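Asks: Chains as they are written, first to last, in my numbering: chain A, 1 to 137; chain R, 1001 to 1418.
Dumping the structure here so I can ask a few things about it.
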């Protein structure tokens, strides 16, 4: 089973566009944690994201996509980074999330990755027929 | 959230390291496992009420230590009567459980892996012991995963531990020329577990296809513990790339779909990426490619082709040539024939296939006549092609494959009979 652990840092929605991690001790703890995930054979990938103030939203209402520069005033939370892990159960994903060295006020949201077999048969068939829809080259 | 599922999760994370440290301390796989089990039982009794401790590993080791000291004291007392000796035992002969967790656990895990996969044990015993000691499986879980009765698995594990004790298998990481052979044994066990999962069908107990993930995990752990061994990275690469095709391998009716017919948009790109990275690590370690690295390199050729028509068959042919030199076998020759046929034309392929046409090992192997049939067809030798398609159809267990082969036989243009 695969899970994403989404990091919801405190106040990241207010961070400046060029903000970078500057707490060396925390970074070290993170590196150790990432190593632990790798050594346990569960880590698939991880990344840190620049803040919303450096980002852009593409919103879809009534046809034309609308592009808005960050920051986004209405958003009270935002994603700061993620780990993708492969574990035996949801409980194991939760246990790993509990072990992350997160400072006070931060949150990790644990979300399972869909496997193709999760989808109803007609959706699976649609996904399988994608090639035919595009016309075989 | 059910307390047991959370405790199972902690066990999955911590048990291998715990057992590995205990084996080093007690020099006895059976005893180490018993002490670890005692700790698990204690956890199941106390954690539901108290909550899971902040440092579960230390908690479990503390219980194991207490039971371990009891064991050593009891066993020494059996041979001695004087009370003074109890003091001696506690200061000199009882293993230092406290220090165990601070020491480098990596070496312990590696030693445990080599021990569980020792060639003195029959293969199925190595598989069961590895899943029990290194992957946190319970005996019932192993039984479910391998479609075997629980008592059979139980016996297998008991006998394995007894053999290790009787043969006085040293608890160590092998060195020198022995390392290659022993490592091959570990890789064989991991790949066996993977293949058991890979061959499981969608209708099976979910624990069976999940075996692929268990094997991949063991492979990654091993890659972290033995990063300088190219074949470990080769096996990790092979498993990741094969696993990347999981979603594409099954058709709408649950029938298997051959590699060249698969919808490649359903291949998992992240796993392919990881597989290619692991392959690169294996190849960068410089030495001549071993069998797992070669098989991974072949899988990588397919993975890099966005469509079957883009496959670099010349490269695959060269890799099979190398594999055939290293690990000659009729099945490798047959695959080599397919690759040469695709790269250099059907004649080239047929020459190789014909050389293994009478191998006893391939007598009932449907792919032999199937491969010859395709090559003969391309060479317009239609009568012979038809015969081979029919023979292949009679040998295959797979209904949809059979239908396909019979269609191909019928499609072969008729020629005058001999």
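Where is the CB? At the ideal position from N, CA and C, for every residue including glycine.
Quantities reported herein were computed from a predicted structural model and do not represent experimental measurements.
If you check the beta carbons only, do residue 1334(R) and residue 1367(R) fall under 8 Å apart?
Replies: If you check the CB distance, residue 1334(R) and residue 1367(R) come in under 8 Å.
Asks: Taking the straight line between their C-alpha atoms, what separation do you get for residue 72(A) and residue 97(A)?
Replies: 27 Å
Asks: Distance check for residue 1130(R) and residue 1141(R), CA to CA, integer angstroms please.
Replies: 13 Å
Asks: In the DSSP assignment, find the alpha helix (DSSP H) that holds residue 1327(R) and state where it starts and stops.
Replies: Premise fails: residue 1327(R) is in no alpha helix (DSSP H) and is neither H nor E.
Asks: If we define contact as Cβ-Cβ less than 8 Å, is residue 1213(R) a contact residue for chain A?
Replies: yes
Asks: Assign residue 27(A) to buried or exposed, taking buried as 16 or more other Cβ atoms, counted over all protein chains shown, within 10 Å of its Cβ.
Replies: Residue burial is scored here from C-beta neighbours: residue 27(A) has fewer than 16 other C-beta atoms within 10 angstroms and is therefore classed as exposed.
Asks: Suppose the cutoff is 7 Å on Cβ atoms and the five residues either side in sequence are ignored; what does the same chain contact list for residue 49(A) look like?
Replies: 79, 80, 81
Asks: Is the beta carbon of residue 145(A) sitting closer than 8 Å to the one on residue 31(A)?
Replies: The structure shown does not extend to residue 145(A), since chain A spans only 1 to 137, so no value can be given for it.
Asks: Taking DSSP as the reference, what is the three-state secondary structure of residue 17(A)?
Replies: coil
Asks: Skipping 5 residues on each side, what residues in its chain have a beta carbon closer than 8 Å to that of residue 1306(R)?
Replies: 1264
Asks: Cutting at 6 Å between CB atoms, please list the residues of its own chain near residue 83(A), excluding the five before and the five after it.
Replies: 5, 46
Asks: Hey, does residue 39(A) have any beta-carbon neighbour from chain R nearer than 8 Å?
Replies: yes
Asks: So which of 1282(R), 1179(R), 1133(R) has the shortest CA-CA distance to residue 1112(R)?
Replies: Here the closest residue by C-alpha is 1133(R).
Asks: Please list the terminal residues of the continuous beta strand (DSSP E) segment that includes residue 65(A).
Replies: 65-69
Asks: Counting only Cβ pairs nearer than 9 Å, list the residues of chain R close to residue 44(A).
Replies: 1270, 1271, 1274
Asks: Rounded to whole angstroms, what is the Cα-Cα separation between residue 1000(R) and residue 122(A)?
Replies: Residue 1000(R) lies beyond the range of chain R shown here (1001 to 1418); nothing can be said about it.
Asks: Taking only beta-carbon atoms, is residue 88(A) less than 8 Å away from chain R?
Replies: yes
Asks: Could you tell me whether the Cβ atoms of residue 1327(R) and residue 1360(R) are closer together than 8 Å?
Replies: At least 8 Å separates the beta-carbon of residue 1327(R) from that of residue 1360(R).
Asks: Exposed or buried, residue 1389(R), counting other C-beta atoms within 10 Å across all chains shown (16 or more means buried)?
Replies: buried
Asks: Does the stretch 1282-1301 of chain R come close enough to the stretch 53-61 of chain A that 3 or more CB-CB pairs lie under 8 Å?
Replies: no
Asks: Grouping DSSP H, G and I as helix and E and B as strand, with all else coil, what is residue 1275(R)?
Replies: helix
Asks: Quick check: the stretch 1199-1206 of chain R against the stretch 1175-1183 of chain R, are there 3 or more CB pairs under 8 Å?
Replies: no
Asks: Taking Cβ-Cβ distances shorter than 9 Å, what residues in chain R pair up with residue 95(A)?
Replies: 1006, 1009, 1010, 1012, 1013, 1052, 1056
Asks: Residues of chain A with CB under 8 Å from residue 1221(R), in chain order?
Replies: 39, 40, 41
Asks: Mind checking residue 1398(R): buried by the 16 CB within 10 Å criterion, or exposed?
Replies: So residue 1398(R) ends up on the exposed side.
Asks: So, are the CB atoms of residue 1052(R) and residue 1033(R) less than 8 Å apart?
Replies: Cβ atoms of residue 1052(R) and residue 1033(R): not closer than 8 Å.
Asks: Any beta-carbon of chain A closer than 8 Å to the one on residue 1217(R)?
Replies: yes
Asks: Measuring straight from C-alpha to C-alpha, what distance separates residue 108(A) and residue 8(A)?
Replies: Each residue's CA atom was taken as its position, placing residue 108(A) and residue 8(A) some 6 Å apart.
Asks: Residues of chain A with a CB under 8 Å from the CB of residue 1224(R): which are they?
Replies: Here the neighbours are 38, 39, 41.
Asks: Bridge partners of residue 51(A), per DSSP?
Replies: Beta-bridge pairing links residue 51(A) to no other residue.
Asks: Once you ignore the five residues that flank residue 1039(R) on each side, which residues in its own chain have a CB closer than 6 Å to its CB?
Replies: 1060, 1063, 1064
Asks: Between which two residues does the beta strand (DSSP E) holding residue 83(A) run?
Replies: That run of the beta strand (DSSP E) goes 81-86.
Asks: Which residues in the same chain as residue 1115(R) place their Cβ atom closer than 8 Å to its Cβ, once the five residues preceding and following it in sequence are excluded?
Replies: 1023, 1029, 1164, 1169, 1171
Asks: Would you tell me roughly how many angstroms separate the C-alpha atoms of residue 1314(R) and residue 1347(R), rounded to the nearest one?
Replies: 15 Å
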